[in-house]
Amino acid sequence: MSNARARYRIGLTILVTAISIAACSETRPQGESSRRPSAEEGRLAVYVVNYPLQYFAERIGGENVEVRFPAPHDGDPAFWMPDAETVGVYQQADLILLNGANYAKWVGRVSLPQAKLVNTSLGFQDQYMLVQNAVIHAHGPKGEHSHGDIAFTTWLDPKLAVEQARAITQAFVKSRPDQKESFEDGFTNLERDLLDLDQEISNIVSTNPSQPLVASHPVFQYLTRRYGLNVKTVHWEPDEVPDDRKWREFTDILAAHPAQWMIWEGEPNPATVAKLKSMGITSVVFDPCGNVPEKGDFLSVMQQNVENLKRAFR
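The numbers in the numbering used here rise by one with no breaks, and the one at position 103 of the sequence shown is 899.
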């Protein structure tokens, strides 16, 4: 009986050991939200709240950073709410890049380490713009404490985009001072591309600065201000056909603002395009590129926007 008990105990020990080894060696799924930021690889682990910041950070940081943007790629990240697990990996990042201007309101509803937060538009918060009943106002010195909804597509003004990139560079240098030269080189190259973009748009608009335009949605405030565009804005979604009331309101706008071009944030519904064309209005797309594009990158999307805009100013 004692020999049987001994054999039983040995067998049980072997079984428990095997189970423990298997459990310890099990690989955790490498989903975007389940991975620990790769600080152990020696790179700066950076999480962002939109695609423009991802692009800027990657251009500036190069191989010295690992940038992650875990929002779904089929929606607007400005209105995304991450789950608890994703918030957890944001908390573990070395740096969390924010757009500011009330972009990604979820940031104010969760607990994130203040020391890791980088508000990339803080340096020009006195230039924020407000959206109140589709009327745009210059923002006051109190910044985000003002009333109303703040327009948040700041990066559509390339000059402001440069300042956001500069804030990222400063945060990277502060975190990794030994890589300062590399970060500053990355910023210089990005700045050059953004300023070239700015000059291209300025040249296009200068050919007919008073050209009346209609914008499909209130997302072009900073673009409009930067280049002095003559724009009236409606609230139409690209994938929806406006109802009769919206068409009547649109006709009223055209009576005082005889636009022949309409700027969309995405490809509009063909039925809408056809009706606009029957009214003598041509549709063009200027994609804000807040999320990861289906092809290309931030700069190539903006360059395509420039080509599209040229059509309205010939």
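Virtual Cβ for every residue (Gly too), placed ideally from N, Cα, C.
Predicted model, so just to flag it, every value in this text is computed and none were measured.
{"Check": "Pro868 versus Met877, Asn860, Phe1094 and Val861, residue with shortest Cα-Cα distance", "Outcome": "Met877"}
{"Check": "Whole-angstrom distance between Trp1043 and Lys1073, CA atom to CA atom", "Outcome": "13 Å"}
{"Check": "Backbone CA spacing between Leu952 and Pro1084 [nearest angstrom]", "Outcome": "7 Å"}
{"Check": "Proximity to Ala1055 [Cα-Cα], best of Thr1029, Pro1066 and Asn846", "Outcome": "Thr1029"}
{"Check": "Runs of alpha helix (DSSP H) lying entirely within the region 847-872, each at least 4 residues, in chain order", "Outcome": "847-857"}
{"Check": "Endpoints, alpha helix (DSSP H) assigned at Ala961", "Outcome": "Pro954 to Ser971"}
{"Check": "Contact belief for Leu1095 with Arg972 at Cβ below 8 Å, rounded distance in angstroms", "Outcome": "The Cβ separation is near 25 Å, so there is no contact."}
{"Check": "Cβ-based burial, Arg855 [other Cβ within 10 Å; buried from 16]", "Outcome": "buried"}
{"Check": "Where Ala1051 falls, given that 16 or more other Cβ within 10 Å makes a residue buried", "Outcome": "exposed"}
{"Check": "Helix, strand or coil at Ser1012 [DSSP, three-state]", "Outcome": "coil"}
{"Check": "Simplified DSSP state of Ile1000, which is helix, strand or coil", "Outcome": "helix"}
{"Check": "Contact between the region 994-1011 and the region 965-985 (3+ Cβ pairs under 8 Å)", "Outcome": "no"}
{"Check": "Beta-carbon proximity check, His892 vs Leu913, cutoff 8 Å", "Outcome": "Reading the sequence as shown, one finds Ile at residue 892 and not His. The answer is yes: Cβ separation under 8 Å."}
{"Check": "For Tyr924: DSSP bridge partner residues", "Outcome": "The partner list for Tyr924 (beta bridge, DSSP) is empty, contrary to what the question assumes."}
{"Check": "Among Phe920, Asn1065, Gln923 and Asp890, nearest to Ala911 - alpha-carbon criterion", "Outcome": "Asp890"}
{"Check": "Euclidean distance between Cα positions of Val1081 and Glu881", "Outcome": "36 Å"}
{"Check": "For Trp1057, the first and last residue of its enclosing beta strand (DSSP E)", "Outcome": "Trp1057 to Trp1060"}
{"Check": "Coil, strand or helix - Thr916 by DSSP", "Outcome": "coil"}
{"Check": "Check: Lys955 C-beta below 7 Å from any heavy atom of the ligand NAD", "Outcome": "Among the ligands in the structure shown, none appear at all, so the ligand NAD cannot be discussed."}
{"Check": "Same chain, Cβ closer than 6 Å to Ala934, neighbours up to 5 away in sequence not counted", "Outcome": "Low local confidence applies: a pLDDT of 39 at Ala934 is under 50, so the model's placement there is unreliable, with the coordinate-based value given in what follows. If we look at Ala934 and ignore the five residues flanking it on each side, it has no Cβ neighbours."}
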